[in-house]
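Have a look at the structure below before the remarks.
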Amino acid sequence: MIILAATPIGNLGDVSRRLVEALTTATVIAAEDTRVTVHLLKALAIENRPQLISLHDHNERVKAVELVELARDTDLLVLSDAGMPTVSDPGFHLVDAAVAAGVTVTVLPGPSAVLTALAVSGLPTDRFTFEGFLPRKHGDRMSALREVADERRTMVFFESPNRLAASLIDLAEVLGADRRVVVCRELTKFFEEVKRGTAAELAEWAAAGVKGEIAIVVAGAEKRVLDLATGVAEVLAQVAAGARLKEAAADVSAVSGLGKRDLYEAALAQKPGARAPAAPQHPPLPF
1 MIILAATPIG
11 NLGDVSRRLV
21 EALTTATVIA
31 AEDTRVTVHL
41 LKALAIENRP
51 QLISLHDHNE
61 RVKAVELVEL
71 ARDTDLLVLS
81 DAGMPTVSDP
91 GFHLVDAAVA
101 AGVTVTVLPG
111 PSAVLTALAV
121 SGLPTDRFTF
131 EGFLPRKHGD
141 RMSALREVAD
151 ERRTMVFFES
161 PNRLAASLID
171 LAEVLGADRR
181 VVVCRELTKF
191 FEEVKRGTAA
201 ELAEWAAAGV
211 KGEIAIVVAG
221 AEKRVLDLAT
231 GVAEVLAQVA
241 AGARLKEAAA
251 DVSAVSGLGK
261 RDLYEAALAQ
271 KPGARAPAAP
281 QHPPLPF
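Position 229, counted from 1, in the sequence shown is what the UniProt record's numbering calls 229; the numbers after and before it change by one each time, with no gaps.
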């Protein structure tokens, strides 16, 4: 089978007993960076020296079929450098190929930067979405942020420390300067820092430079209160931009609280080219 194993995101003390057992008995390990895996084995004083196979973003599609066939006959332990494989790390294409081939996949759970950042943020945790890394380029990043501007769930992003300030400036511009944001730096490590504030405040704080592994947690958008006329205008604007009327009504309903049916029917009546109801036809009189 294929065994996806979570590794510490910073603090070696977070290694689980199950991971230690798996590392002690593994004969083959597919690792994001084999050097990191060797370091982990040494740090845990594990004398086992399994076969190490490199599995990273640039070779995973090519390696997946080979590794799936290998996992038919032996257990294949899969590790990323930190956290859970497949979550913004290699492993997804391997799992996809294994499922298609009927090879068993299981998990050794453990540390997760996404859930750790979410838990410590102080923002709502009942509903959330993980958006991975923000795009590197300014234009692409702005487009990505516009797509989630009305997202009402708490959002978690990963970001490079070198791009953090620029991303927070863009976030403040698109989502609003007052949007609540939490920057989590070096989680579980000695210099762990959790910085809370508005998007504008944290953009100013990050301008001086920030180091370390970064997760950004962003509060979801508040539900907008619209009257029906304003809601219908937004529906018609989306239709004019190419959206289907039914989908536009559902989208505006989700962020405004207005009834989807009410929006649809009112917008349909105002849609350019909409026909007035036909007059009722009566049979001719008998005289």
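The C-beta atom is built at its ideal place from N, Cα and C for all residues, glycine as well.
Test item: CB-CB of residue i and residue j under 7 Å
| i | j | result |
| --- | --- | --- |
| L258 | L202 | no |
| H56 | E32 | yes |
| V174 | L134 | no |
| V239 | A266 | no |
| A97 | V68 | yes |
| A243 | L263 | no |
| L108 | A5 | yes |
| P111 | I9 | yes |
| A82 | T7 | yes |
| M1 | T106 | yes |
| G132 | S88 | yes |
| D170 | R196 | no |
| R180 | E193 | no |
Residues that DSSP places opposite residue i in a beta bridge
| i | result |
| --- | --- |
| G122 | For G122, which the question treats as bridged, DSSP gives no partner whatsoever. |
| I29 | L52, L77 |
| V15 | Partner(s): none; V15 has no beta bridge. |
| G83 | T7 |
Coarse secondary structure for residue i, derived from DSSP in three states
| i | result |
| --- | --- |
| F92 | helix |
| Q270 | helix |
| D226 | Rather than Asp, the amino acid found at residue 226 in this sequence is Leu. Reduced to three states, the DSSP call for L226 is coil. |
| A279 | Note that A279 has pLDDT 48, beneath the 50 cutoff, so the model's placement of it is unreliable and no number is given. |
| E69 | helix |
| I9 | coil |
| I169 | helix |
| L4 | strand |
| R163 | coil |
| R261 | helix |
| R180 | strand |
| V217 | strand |
| F287 | Per-residue confidence for F287 stands at a pLDDT of 45, beneath the threshold of 50, marking its modelled position as unreliable; no derived number is given. |
| K63 | helix |
| A241 | coil |
| E201 | helix |
| A206 | helix |
| E47 | coil |
| residue 295 | What is shown of the chain runs 1 to 287, which leaves residue 295 out entirely. |
| L151 | First, the residue type needs correcting, since residue 151 is Glu and not Leu in the sequence shown. It is coil, neither helix nor strand. |
Span of the beta strand (DSSP E) around residue i
| i | result |
| --- | --- |
| E131 | 128-133 |
| T198 | 193-198 |
| T154 | 154-159 |
| T106 | 105-108 |
| A144 | Counting along the chain, A144 falls outside any beta strand (DSSP E), though it belongs to the alpha helix (DSSP H) covering 138-147. |
8 Å contact criterion, which residue i and residue j should meet: CB distance rounded
| i | j | result |
| --- | --- | --- |
| I3 | V114 | In fact, because the Cβ distance is near 20 Å, the residues do not count as touching under 8 Å. |
| A177 | A207 | Contact flag wrong, Cβ pair sits at about 14 Å. |
| V148 | V217 | Incorrect: roughly 13 Å between the Cβ atoms, too far for contact. |
| V182 | L123 | 6 Å |
| A219 | T154 | 6 Å |
| E151 | A221 | 6 Å |
| P50 | A30 | About 10 Å; that fails the 8 Å criterion. |
| L236 | K211 | Between K211 and L236 the Cβ distance is about 49 Å, and since that is not below 8 Å, they are no contact. |
| L52 | T37 | 6 Å |
| A43 | L12 | 6 Å |
| A71 | V103 | 5 Å |
| P90 | E60 | 5 Å |
| L41 | N48 | 7 Å |
| L245 | L268 | 6 Å |
Boundaries (first-last residue) of the alpha helix (DSSP H) holding residue i
| i | result |
| --- | --- |
| A249 | 245-256 |
| K189 | Element bounds for K189: n/a, residue is neither H nor E. |
| K42 | 34-43 |
Heavy atom of the ligand MG within 6 Å of residue i beta-carbon
| i | result |
| --- | --- |
| L226 | As for the ligand MG, it is missing from this structure, which has no ligand bound. |
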